[in-house]
Amino acid sequence: MMDDKNTLFSPRTFARAVEFIWREAKLLDRKDYRAWLDLWDPSGVYVVPIDPQATDFAATLNYAFDDRDMREKRVERMMSGYSASASDAARTVRAVSRFTRSNDSADVIEVNSAQVLVACKRGVATLFAADLAHTIAFDNDEPRLVRKVIRLIDSTDTLSAIGFLL
Amino acid sequence: MSDTTYQSIDTSALYGRAQRVGVYQGLIFASFDHGIEPLEDFLGGTKPWIDLFMKQGAGFPVKVNGEHKFKFKGNWKIQLENTTDLYHFPVVHKSWMKSIDEETAAAITSFMTSEKAFCRSLGNGHSLAVLVPEIVDLDDDDGAPIPERFEALAASLAKEYSPEQVRRIVRSLMGVGFNLNLFPNLALSMAFFRVLRPISAEETEIRHIALGMDGGPDEANRVRLRIHEHFQGPFGFGSPDDAEAWERVQRGSHAGPDVPILVNRGLNRESAAPNGEKTGHATDETGMREAYAKWRAMMEQA
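Sequences listed follow chains A and B, in order.
Counted from 1, the first sequence has number 83 at position 83 by the numbering used here; the numbering is strictly sequential.
Plus 1000 on top of the position in the second sequence (first one is 1) and you've got the numbering used here.
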């Protein structure tokens, strides 16, 4: 017998979440940041933590900890033409895979994955590898991003400046 | 049974180079050179400014509250120049300025025209740039209204703290209104510490160390963290544009390795502060000249 939860946990929902994450990855590689903003729920939070163990992001220093306002400002900055690092940002290609799901809510799914991103600038290719955690709401017709946490595997090391979105 | 794996050796001869350590205002300095000048002499003219910097604890001790580390492909002296280089700010950081409220943006660039802002050589390679004269001494409350963006925080703090304490804490959120550059590699810059580490002639690592109030209100410390994240680090709205400019400077330098680097801005309009310290306009290269003169003197001794 199928109840609501079983419906959500169906392979189809999982496949929709994966498709959503791949669509997001494509928007980011194309630097279509305004379209990326539309993927978000207004209450959504975008986080790039430093501390690999951190869960209370408000209480710790992060690389990025963006609510809606900061996300919009970040995108505005990158599209404005006033930021030399963003205007001359690296070209990126990212692959997202190794999807697993972990949640028990009726209308929200959390998907964990691995992201390998290569950024090319001035003849140098730099690797950014990260564990991703997407929280995606399916309570409306269109899935919406409620939370994205990007845990770079070298987050506690010394990074080069990043002129694009992870 | 005695362990004969290792031959007995006198390790004191190998590891006898204990560091000489000095402490000022909680900042710990160490050197392997036992003949080095006393810390007080080394710090010299920077001491009153370090004292002022530490007032941003707003009555609480200043604590380290996380750090950003990032690197750029360029010589460390490019970053050394940056700390008391104010004129790059409105240009390089325009995108950051557009992301903050107009009131803050105006305050932070008032040095372009303010009579009270200045750049100063403090001796020993050290330098100072005052960019927001109104918050140089956080004990001097000019009574200005609480900025709109901190009103909600101030209202919340008022439940636990006196009106005076609330003003003191809120006035300290952005740190002090100056950057202090300690030659060769430590900066006390508004609300954070900056430590440079040259990796090679063409690569430099930078630590941006966030500060907070030890035992102070969590909600105010969190606001300080958000302010730090907004500008600093490899993913901030400010540091990546600095790094972009520095890497371009480094690349550009290869076009003419023998071409002199000019740091002559304002050379003809310097004056002496009451204590004799050389002082220039806030946008002048007085601070850079002090650092480069010290660097050259040290290189000539080497």
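For every residue, glycine included, the Cβ atom is placed at its ideal position computed from N, Cα and C.
Residue i to residue j span [Cα, whole Å]
{"i": "Met1299 of chain B", "j": "Asn1268 of chain B", "result": "27 Å"}
{"i": "Arg1251 of chain B", "j": "Thr156 of chain A", "result": "28 Å"}
{"i": "Leu1029 of chain B", "j": "Val1021 of chain B", "result": "Inspection of the sequence shows that residue 1029 of chain B is occupied by Phe rather than by Leu. Cα to Cα, Phe1029 of chain B sits roughly 6 Å from Val1021 of chain B."}
{"i": "Ala1273 of chain B", "j": "Arg68 of chain A", "result": "47 Å"}
{"i": "Phe14 of chain A", "j": "Lys1077 of chain B", "result": "52 Å"}
{"i": "Thr1113 of chain B", "j": "Glu1160 of chain B", "result": "39 Å"}
{"i": "Asn1082 of chain B", "j": "Glu1067 of chain B", "result": "19 Å"}
{"i": "Glu24 of chain A", "j": "Met70 of chain A", "result": "18 Å"}
{"i": "Gly1256 of chain B", "j": "Ile50 of chain A", "result": "39 Å"}
{"i": "Gly1092 of chain B", "j": "Ser87 of chain A", "result": "Residue identity check: residue 1092 of chain B is Val in the sequence provided, not Gly. The alpha-carbon atoms of Val1092 of chain B and Ser87 of chain A are separated by roughly 12 Å."}
{"i": "Arg1167 of chain B", "j": "Ser1121 of chain B", "result": "32 Å"}
{"i": "Val1289 of chain B", "j": "Asn1264 of chain B", "result": "In the sequence under discussion, the amino acid at residue 1289 of chain B is Arg, which differs from the Val named in the question. About 8 Å."}
{"i": "Cys80 of chain A", "j": "Ser1095 of chain B", "result": "Note that residue 80 of chain A is Ser in the sequence shown here, rather than Cys. When rounded, the distance between both Cα atoms is 7 Å."}
{"i": "Met1 of chain A", "j": "Thr126 of chain A", "result": "Confidence in Met1 of chain A is poor, its pLDDT being 40 and thus under 50, which makes the residue's placement unreliable; the coordinate value appears in the next sentence. Going by the C-alpha atoms only, they are around 50 Å apart."}
{"i": "Leu37 of chain A", "j": "Phe1231 of chain B", "result": "21 Å"}
{"i": "Thr92 of chain A", "j": "Ala119 of chain A", "result": "4 Å"}
{"i": "Gln1165 of chain B", "j": "Thr1279 of chain B", "result": "34 Å"}
{"i": "Phe128 of chain A", "j": "Arg122 of chain A", "result": "17 Å"}
{"i": "Asn1179 of chain B", "j": "Arg16 of chain A", "result": "51 Å"}
{"i": "Ala1106 of chain B", "j": "Pro1147 of chain B", "result": "12 Å"}
{"i": "Arg94 of chain A", "j": "His134 of chain A", "result": "16 Å"}
{"i": "Asn1124 of chain B", "j": "Leu1188 of chain B", "result": "16 Å"}
{"i": "Pro143 of chain A", "j": "Tyr63 of chain A", "result": "26 Å"}
{"i": "Asn6 of chain A", "j": "Glu110 of chain A", "result": "Bear in mind that a pLDDT of 49 at Asn6 of chain A, under 50, signals an unreliable position, so the number given afterwards is only what the model happens to contain. In a straight line, the C-alpha of Asn6 of chain A is about 15 Å away from that of Glu110 of chain A."}
{"i": "Asp3 of chain A", "j": "Lys148 of chain A", "result": "Confidence in Asp3 of chain A is poor, its pLDDT being 47 and thus under 50, which makes the residue's placement too unreliable to answer from."}
{"i": "Leu159 of chain A", "j": "Leu1138 of chain B", "result": "34 Å"}
DSSP bridge partner residues for residue i (one or two, in chain order)
{"i": "Thr126 of chain A", "result": "A:Ala119"}
{"i": "Tyr1024 of chain B", "result": "B:Leu1027"}
{"i": "Asn62 of chain A", "result": "A:Pro49"}
{"i": "Asp131 of chain A", "result": "A:Ala114, A:Arg151"}
{"i": "Arg1149 of chain B", "result": "Paired residues: none, contrary to the question."}
{"i": "Ile109 of chain A", "result": "A:Ile136"}
{"i": "Leu159 of chain A", "result": "B:Phe1070"}
{"i": "Gly1123 of chain B", "result": "B:His1126"}
{"i": "Val1064 of chain B", "result": "B:Leu1211"}
{"i": "Ser1271 of chain B", "result": "B:Thr1279"}
{"i": "Arg144 of chain A", "result": "A:Ala137"}
{"i": "Val93 of chain A", "result": "A:Val118"}
{"i": "Phe1118 of chain B", "result": "B:Val1130"}
Residue i CB to nearest heavy atom of the ligand PLP below 6 Å
{"i": "Arg1224 of chain B", "result": "Although the ligand PLP was asked about, the structure shown includes no ligands whatsoever."}
Local conformation of residue i per DSSP, three classes
{"i": "Val1263 of chain B", "result": "coil"}
{"i": "Thr1286 of chain B", "result": "helix"}
{"i": "Thr1104 of chain B", "result": "helix"}
{"i": "Gly1057 of chain B", "result": "helix"}
{"i": "Arg1296 of chain B", "result": "helix"}
{"i": "Val75 of chain A", "result": "helix"}
{"i": "Phe1235 of chain B", "result": "coil"}
{"i": "Leu37 of chain A", "result": "helix"}
{"i": "Pro42 of chain A", "result": "strand"}
{"i": "Thr13 of chain A", "result": "helix"}
{"i": "Ala168 of chain A", "result": "No answer is possible for residue 168 of chain A: the residues shown for chain A start at 1 and end at 166."}
{"i": "Lys1278 of chain B", "result": "strand"}
{"i": "Phe1070 of chain B", "result": "strand"}
{"i": "Gly1035 of chain B", "result": "coil"}
{"i": "Thr100 of chain A", "result": "strand"}
{"i": "Ala180 of chain A", "result": "What the structure shows of chain A is the stretch from 1 to 166, and residue 180 of chain A is not part of that stretch, so it cannot be assessed."}
{"i": "Val1091 of chain B", "result": "helix"}
{"i": "Asp3 of chain A", "result": "Summary for Asp3 of chain A: the model assigns pLDDT 47, below 50, so the residue's position carries little reliability; its value from the coordinates is reported in the next sentence. Asp3 of chain A falls in the coil class under three-state DSSP."}
{"i": "Asp1141 of chain B", "result": "coil"}
{"i": "Asn1082 of chain B", "result": "helix"}
{"i": "Leu165 of chain A", "result": "coil"}
{"i": "Ser1156 of chain B", "result": "helix"}
{"i": "Arg30 of chain A", "result": "coil"}
{"i": "Pro1240 of chain B", "result": "helix"}
{"i": "Gly1252 of chain B", "result": "helix"}
{"i": "Asp69 of chain A", "result": "helix"}
Item checked: Ordered list of beta strand (DSSP E) runs contained in the stretch 1169–1223 of chain B, each at least 3 residues -> 1178–1182, 1186–1189, 1192–1200, 1203–1213
Margin query: Under 8 Å, CB to CB, which of the residues in the stretch 88–103 of chain A have a partner in chain B?
Written below: Asp88
Checklist line | Selection of the stretch 25–55 of chain A by Cβ proximity to chain B, strictly under 9 Å | finding: Val48, Ile50, Asp51
Next item on the list: Pull out every residue of the stretch 141–163 of chain A whose Cβ sits closer than 9 Å to any Cβ of chain B, in chain order.
Entry: Thr156, Asp157, Thr158, Leu159, Ser160, Ala161, Ile162, Gly163
Next item on the list: Scan the stretch 1213–1232 of chain B for residues whose Cβ lies nearer than 8 Å to a Cβ of chain A and list them as they occur along the chain.
Entry: Asp1218, Arg1222, Leu1225, Arg1226, His1228, Glu1229, His1230
Item checked: Proximal residues, the stretch 55–69 of chain A versus chain B, C-beta separation under 8 Å -> Ala58, Ala59, Thr60, Leu61, Asn62, Tyr63, Ala64, Phe65
Next item on the list: Check each residue of the stretch 106–120 of chain A: if its Cβ is closer than 7 Å to any Cβ of chain B, include it; give the result in chain order.
Entry: none
Checklist line | Cβ-based contacts, 8 Å cut-off: residues of the stretch 123–135 of chain A near chain B | finding: none
Check: Taking Cβ-Cβ distances below 9 Å as the criterion, which residues of the stretch 1053–1083 of chain B are in contact with chain A?
Finding: Asn1065, Gly1066, Glu1067, His1068, Lys1069, Phe1070, Lys1071, Phe1072, Lys1073
Next item on the list: May I ask you to list, following chain order, the residues of the stretch 1087–1102 of chain B that have a beta carbon less than 8 Å from some beta carbon of chain A?
Entry: Val1092, Lys1094, Ser1095, Trp1096, Lys1098, Ser1099
Notebook entry, point to check: Between the stretch 1026–1053 of chain B and chain A, which residues of the former have CB atoms less than 8 Å from a CB of the latter, in chain order?
Noted result: none
Check: In the stretch 1245–1269 of chain B, which residues sit with their C-beta less than 9 Å from some C-beta in chain A, listed in chain order?
Finding: Ala1245, Glu1247, Arg1248, Arg1251
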